[in-house]
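First up is the structure itself, then whatever we jot down about it.
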Amino acid sequence: MPYKELKMYQTGTYAVGNRLLETDERTVQSRTDRSNSLTSGHRACQGCGEALGARYVLDAAMRASRGELIAANATGCLEVFSTPFPESSWQLPWIHSLFGNAPAVATGVAAALKAKGRDDIRVIGQGGDGGTVDIGLACLSGMFERNDDVLYVCYDNEAYMNTGVQRSGATPPAARTTTTKPVGAEPGNVFGQGKNAPLIAMAHEIPYVATATVAELHDLEDKVERAMEIRGARYLHVFVPCPLGWGAAAADTIKIARLAKESGVFPVFEAVEGRVVGVSKIRSQVPVEDYLRPQRRFAHLFGEQPDTEVIERLQAHADRNIARFGLLDDGPTEGKGLMEMLAESEHGPQ
Ligand SMILES: Cc1ncc(C[n+]2csc(CCOP(=O)(O)OP(=O)(O)O)c2C)c(N)n1
Ligand code: SF4
Ligand SMILES: [Mg+2]
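Numbering (numbering that gives the first Met the number 0), first residue to last: 0 to 349.
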């Protein structure tokens with residue numbers, strides 16, 4: 000058969016084209032011997048980004064740890080849709096923590112394994128954005144500060160979905176949730192609040208911090224594999240659209256995740272000991288408006304008179320990410336230290 004060069008659209012998104020790649024370049028998920036750590040039959044909504052992200056993360060981590068993995072899971076959609084008593088979709092040792100203490104429970108499991116001399120068994124802690132950036136932040140910071148041997152994964156769907164779409168510290172400005180209604184002078188969530196968990200993790204100068212989306216599943220798996228090669232505290236922040244909470248079509252989950260990255264809304268990068276060492280460049284920049292429009296949580300911005308002022312402010316946020324992480328720059332990625340980045344930001348030391 001004549002040699003045919005693979006095209007970017009066939010493999011370049013990382014989400015498609017597995018069967019066109021050499022066997023060892025395919026995703027873990029495309030292998031018949033994957034562990035199916037989060038197996039079928041759970042009750043996530045159709046198109047749930049969190050279910051997709053968790054499946055890829057856990058199977059990649061299981062492969063990297065040769066099946067010797069324990070997961071501690073905060074309360075949230077991921078726990079509720081996967082474990083309606085007496086059923087469970089988890090095919091690995093899995094422990095349900097409280098809403099706010101998954102990092103501490105994961106730490107305890109890691110400490111017990113260390114005491115038993117079982118450094119062959121690895122530990123993952125995981126939770127939603129609420130469990131991570133709000134109620135679990137102190138436990139997570141402690142886990143970072145002690146450099147406990149845990150990979151903590153935050154599945155960020157930008158609100159408390161499990162309990163009915165309430166705002167979290169990761170909800171973006173202007174988004175409507177059930178506690179940030181699209182009414183009043185500043186409809187939806189306010190500007191100028193919230194927490195950037197990846198930057199907070201970097202400030203602890205832990206061995207590894209990375210962000211990823213469910214639009215680039217190969218990249219997500221690669222980051223899990225890299226994280227599993229490292230000992231100590233590691234943090235992975237995965238952008239996972241929620242069709243129910245965001246008012247988006249179930250079929251658009253991957254598309255919306257890709258638009259978040261290609262608009263600069265969600266920067267995809269890796270950092271080692273507080274320094275950015277790699278970024279996923281924007282391949283084809285799109286205006287933030289293209290990302291906002293398919294989501295009903297932003298519908299109030301696109302009435303008869305589009306709210307151009309708010310849309311411009313959201314575009315300015317994305318532009319700041321693009322400048323801060325060099326998402327559009329040509330050439331090799333240059334790492335930037337956190338303090339250097341902070342010095343350039345409006346919130347940094349002046
Ligand atoms: C101390 C405590 N407060 C509140 C709750 C109720 N609760 C359970 S899950 C949850 C929200 C979870 O949000 P997030 O962590 O973002 O996960 P998601 O469901 O969005 O995946 C809340 C408020 C609880 N279980 N424990
Ligand atoms: S509400 Fe959102 S996060 Fe929860 S199961 Fe449904 S799609 Fe997934
Ligand atoms: Mg959430």
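Ideal placement from N, C-alpha and C gives every residue a C-beta, glycine not left out.
Could you check the C-alpha separation between E354 and F190 for me, to the nearest Å? In the structure as shown, the chain starts at 0 and stops at 349, and residue 354 therefore has no counterpart that could be examined.
Distance, V132 Cα to Q314 Cα: 24 Å
In DSSP terms, what Y234 is bridged to: Y151 and V208
Would you please state the rounded distance, in angstroms, between the beta carbons of R121 and M227? I believe it to be under 8 Å. 6 Å
Output the distance between the C-alpha atoms of T177 and V309, rounded to the nearest integer angstrom. 20 Å
8 Å Cβ cutoff met for A211 and V237: yes
Would you kindly report the start and end of the unbroken alpha helix (DSSP H) that includes E49? G48 to A63
Rounded to whole angstroms, what is the Cα-Cα separation between S140 and Q165? 23 Å
Could you give the DSSP three-state label for G129: helix, strand or coil? helix
Determine the direct distance from the alpha carbon of E288 to that of L327, and round the result to whole angstroms. 18 Å
Run through DSSP, which three-state label would T176 get? strand
For the alpha helix (DSSP H) containing N320, name the first residue and the last one. T307 to F324
Terminal residues of the continuous beta strand (DSSP E) containing I94? W93 to H95
Buried or exposed for L51, please, with buried defined as at least 16 other CB atoms from any protein chain shown within 10 angstroms of its CB. buried
Three-state secondary structure assigned by DSSP to E269: strand
Could you compute how far the alpha carbon of G124 sits from the alpha carbon of E303? 45 Å
Look at the Cβ atom of R42, then the Cβ atom of P83, and state whether they are nearer than 8 Å. yes
Quick check on DSSP: helix, strand or coil for H346? At H346, the pLDDT of 40 sits below 50, so the modelled position is not reliable and the matter cannot be decided from this model.
In DSSP terms, what L68 is bridged to: R121
Which of the three DSSP states is assigned to G244 in this structure? helix
Could you have a look at R274 and say whether DSSP puts it in helix, strand or coil? strand
Give a single yes or no on whether G246 has its beta carbon closer than 7 Å to a heavy atom of ligand 2. no
Report yes or no: do the region 198-208 and the region 272-288 share at least 3 C-beta pairs separated by less than 8 Å? yes
Using CA coordinates, which residue listed in G325, A256, Q294 and F297 is at the minimum distance from K280? G325
May I ask you to list the residues that DSSP assigns as paired with S37? Going by the sequence as given, residue 37 is Leu instead of Ser. Looking at the DSSP assignment, L37 forms a beta bridge with W89.
In terms of residues, what are the limits of the alpha helix (DSSP H) holding C76? C76 to S81
Looking at P242 and ligand 2, is the gap between the Cβ and the nearest heavy atom below 7 Å? yes
Tell whether a beta-carbon distance below 8 Å holds between L258 and Y290. yes
Indicate whether A317 and A256 have their beta-carbon atoms separated by less than 8 Å. no
Q45 - DSSP class collapsed to helix/strand/coil: coil
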